[in-house]
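*Asks:* My questions all concern the structure below.
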Amino acid sequence: MSEPNLFEQSPVYRMACDQLRDVAGLIDLDPNIAERLAVPKRSLVCAIPIKMDNGETEVFIGYRVQHSLTSGASKGGLRYSPHVDIGEVAALAMWMSWKCGIMNLPYGGAKGGIACDPATMSLGEKERLTRRFTEEVLPIIGPRTDVMAPDMGTDEQTMAWIYDTYSMKIGYACPEIVTGKPVELGGCIGRREATGRGVVFCIREALAELKIEPHEATAVVQGFGNVGSVTCEELAKHGTKVIAVGDRYGSIRNTNGIDVAALIRYVNADARKSVVGFPGAEAIADADLLTTPCTVLVPAAMERQITKENAAKLKCRILAEGANGPTTPEADALLSGSDIFVIPDILCNAGGVTVSYFEWVQDIQQLMWSHTQVNEKLRELMLDAFHRVRKMSKDRGIPMRMAALGLGVKKVAIEKQRRGLFP
Ligand code: NAD
1 MSEPNLFEQS PVYRMACDQL RDVAGLIDLD PNIAERLAVP KRSLVCAIPI KMDNGETEVF
61 IGYRVQHSLT SGASKGGLRY SPHVDIGEVA ALAMWMSWKC GIMNLPYGGA KGGIACDPAT
121 MSLGEKERLT RRFTEEVLPI IGPRTDVMAP DMGTDEQTMA WIYDTYSMKI GYACPEIVTG
181 KPVELGGCIG RREATGRGVV FCIREALAEL KIEPHEATAV VQGFGNVGSV TCEELAKHGT
241 KVIAVGDRYG SIRNTNGIDV AALIRYVNAD ARKSVVGFPG AEAIADADLL TTPCTVLVPA
301 AMERQITKEN AAKLKCRILA EGANGPTTPE ADALLSGSDI FVIPDILCNA GGVTVSYFEW
361 VQDIQQLMWS HTQVNEKLRE LMLDAFHRVR KMSKDRGIPM RMAALGLGVK KVAIEKQRRG
421 LFP
């Protein structure tokens, strides 16, 4: 048996590879193509030395992985998180390829990460880190090569710094180098909300199929950052009661329904941006959050949260994966034998990259769309993707995750096959 490659040290990467292997038989994937899809095309690891506010120099490790360059520029978020490693980034890049495939976007998948804790860094330190990272990855990024966007621990401001650094290097303003930037800099209206909105479009389709009215449903959401908070807002807008939420600092519950607008105000006023201590709810143990009885459970924090230990204890009708990779394969096997309607990550959270694509197109054309145009187009593409995946799942009698992977992988595989192998 060959030695594991450097990516395979990561359980998240092994999880992505297991999924690829499982779906290969289902779509008669040519083994020669499967071999190419199992390893990311290009990866860069760099040391990022920056001056901290206390005058000392600290060196952070940064990664950018481009899984596939077959379908167009590669596209994917940049994550700031303490334990991020090359394997995690490679897995996230692979999932981006399948996601873009499902949504028929002209992109390959990519992802980036810097091992750091943004919650403990000043704005100045984060700016220096971001600018130096951009400089380090300059040889492999570009609006036609690789386009970054926010992910866990990064936001519009991070994208603004990347945009500025890249533009200074090339000598002219190039907004299409990143998506998810501030609207004043050519960002797309509705991009910040797009992932959470897409999650809720999918949830509403699943509720309709199960004949549950949104106002009769309850929701539990893990993670109250970009994806989690917008998901809560959108659910509340449609009358669904959000009864428990949690973040990296703790979890809260109010079975009468949490006032989401008040919670967002509370979190924004908190230096750590945490839900802990919110007066309109009681504290609960983190371990009890995901197993709280509810109609819809939305993991919207990070990968590998639903495991073989807690999967059988879930008490929801719908599992809507806002985060990437929140369910381990062992947990997935347990869920596929249950009556839980799983909306898999590569479909459920694809609204973010979809509106990123709208932003990139607008920047290239220098023509801005209205809020209504963005949201209607997002809705149309999300519903189309949801129903294509649902149909394949029903026609073939396979779980939603396998159907989503089948569609996503097949799209990339066909493109690779048609282009052939160079030279
Ligand atoms: P974010 O940094 O804005 O928020 C992350 C949230 O998760 C925070 O509330 C944080 O406290 C919480 N969290 C972190 N570790 C946790 C833990 N161990 N337990 C419980 N909560 C924890 O990040 P985000 O952009 O909302 O991304 C969340 C997930 O959604 C990630 O998996 C990301 O890859 C995925 N995603 C994001 C986007 C996007 O557009 N931002 C698009 C697609 C997928």
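Under the working numbering, the residues of the sequence shown are numbered 1 to 423, in order. All residues carry an ideal CB built from backbone N, CA and C; glycine is no exception. Keep in mind the model is a prediction, meaning the values are calculated, not measured.
To the nearest angstrom, how far is it from the Cα of CYS17 to the Cα of ALA194?
*Replies:* 28 Å
*Asks:* Beta-carbon separation of LEU289 and GLY246 under 8 Å?
*Replies:* yes
*Asks:* Mind the definition here: the region 61 to 81 touches the region 153 to 164 only if three or more C-beta pairs lie below 8 Å; say whether that holds.
*Replies:* yes
*Asks:* Could you tell me which of VAL412, PHE422, LYS416 and GLU234 sits nearest to ASN104, measuring between CA atoms?
*Replies:* VAL412
*Asks:* What does the alpha-carbon distance come out to for the pair ASP164 and ALA312?
*Replies:* 48 Å
*Asks:* Between ALA287 and the ligand NAD, is there a pair consisting of the residue's CB and a ligand heavy atom that are separated by less than 7 Å?
*Replies:* no
*Asks:* Using the beta-carbon count (16 or more within 10 Å), is GLU125 buried or exposed?
*Replies:* By the 10 Å Cβ count, GLU125 comes out buried.
*Asks:* Give the C-beta separation of VAL84 and ALA115 to the nearest angstrom, bearing in mind that I take them to be a contact with Cβ-Cβ under 8 Å.
*Replies:* 5 Å
*Asks:* Assuming ALA283 and ILE252 make a contact with CB atoms under 8 Å, what is their CB distance in whole Å?
*Replies:* Rounded to the nearest angstrom, the Cβ distance from ALA283 to ILE252 is 6 Å, consistent with a contact under 8 Å.
*Asks:* Can you determine whether any heavy atom of the ligand NAD sits closer than 7 Å to the C-beta of MET15, and answer yes or no?
*Replies:* no
*Asks:* Under 7 Å: does the beta carbon of GLN19 sit that close to some heavy atom of the ligand NAD?
*Replies:* For GLN19, the distance from the CB to the nearest heavy atom of the ligand NAD is not below 7 Å.
*Asks:* Per DSSP, which one or two residues make a beta bridge with GLY62?
*Replies:* In the DSSP output, where bridge partners are listed per residue, GLY62 has CYS46 and ILE114.
*Asks:* In terms of residue numbering, what span does the alpha helix (DSSP H) encompassing TYR80 cover?
*Replies:* Looking at the DSSP string, TYR80 is not in any alpha helix (DSSP H); the run it does join, the beta strand (DSSP E), is 74 to 81.
*Asks:* One question on the structure: do ALA219 and VAL242 come within less than 8 Å of each other, judged by their Cβ atoms?
*Replies:* yes
*Asks:* With DSSP run on the structure shown, which of helix, strand or coil describes MET148?
*Replies:* strand
*Asks:* Rounded to whole angstroms, what's the CA-CA distance from LEU407 to MET94? Just pull it up for me.
*Replies:* 14 Å
*Asks:* Counting only the same chain and skipping the five closest in sequence on each side, list residues whose C-beta sits under 7 Å from that of PRO293.
*Replies:* LYS315
*Asks:* Do you know how far the Cα of GLY322 is from the Cα of GLN66?
*Replies:* Their backbone Cα atoms lie some 22 Å apart in a straight line.
*Asks:* Would you give the residue range spanned by the beta strand (DSSP E) that ILE318 belongs to?
*Replies:* ILE318 -> beta strand (DSSP E) spans 318 to 320.
*Asks:* Can we count GLY228 as close to the ligand NAD, meaning its CB is less than 7 Å from some heavy atom?
*Replies:* It does: the Cβ of GLY228 is within 7 Å (strictly closer) of some heavy atom of the ligand NAD.
*Asks:* Secondary structure at GLN366, three-state DSSP: helix, strand or coil?
*Replies:* The answer is coil: DSSP assigns GLN366 none of H, G, I, E or B.
*Asks:* Can you give the Cα-Cα distance for ASP384 and LEU378, rounded to whole angstroms?
*Replies:* Their backbone Cα atoms lie some 10 Å apart in a straight line.
*Asks:* Looking at LEU209 and the ligand NAD, is the gap between the Cβ and the nearest heavy atom below 7 Å?
*Replies:* Position check: residue 209 holds Glu in this sequence, whereas Leu was assumed. The answer is no for GLU209.
*Asks:* Is it buried or exposed, ALA404, if we count other Cβ atoms within 10 angstroms and call 16 or more buried?
*Replies:* buried
*Asks:* Kindly indicate the opening and closing residues of the beta strand (DSSP E) around GLY250.
*Replies:* 250 to 253
*Asks:* Please go through the same chain and pick out, in chain order, the residues whose beta-carbon is closer than 8 Å to the beta-carbon of VAL12, but skip the five residues on each side of it.
*Replies:* GLY87, GLU88, ALA91, LEU92, GLU303, ARG304 and GLY325
*Asks:* Just tell me which of GLU234, ALA173, CYS174 and ARG192 has its CA closest to the CA of GLY180.
*Replies:* ARG192
*Asks:* With a threshold of 6 Å on Cβ separation, who are the neighbours of GLU176 within its own chain once the five nearest residues in sequence on each side are excluded?
*Replies:* PRO143, TRP360, ASP363 and ILE364
*Asks:* Is the beta carbon of ARG401 closer than 8 Å to that of ASP332?
*Replies:* Against a cut-off of 8 Å, the Cβ pair of ARG401 and ASP332 comes out as a contact.
*Asks:* Please name the residue, chosen from SER122, ASN226, MET368 and SER10, that lies closest to ASN268 on a Cα-to-Cα basis.
*Replies:* Ranking SER122, ASN226, MET368 and SER10 by CA distance to the CA of ASN268 puts ASN226 first.
*Asks:* For VAL199, write down the residues that DSSP places opposite it in a beta bridge.
*Replies:* In DSSP, VAL199 forms no bridge with anything.
*Asks:* I want to check one thing, is the minimum distance from the CB of GLU88 to the heavy atoms of the ligand NAD below 7 Å?
*Replies:* No, the Cβ of GLU88 stays beyond 7 Å of every heavy atom of the ligand NAD.
*Asks:* Could you pull out every residue in the same chain whose Cβ sits closer than 6 Å to the Cβ of LEU334, ignoring the five residues on either side in sequence?
*Replies:* Excluding sequence neighbours, LEU334 sits near ALA311 and ALA312.
*Asks:* Where do the ends of the beta strand (DSSP E) carrying LEU297 lie?
*Replies:* For LEU297, the uninterrupted beta strand (DSSP E) run begins and ends at 296 to 299, by DSSP.
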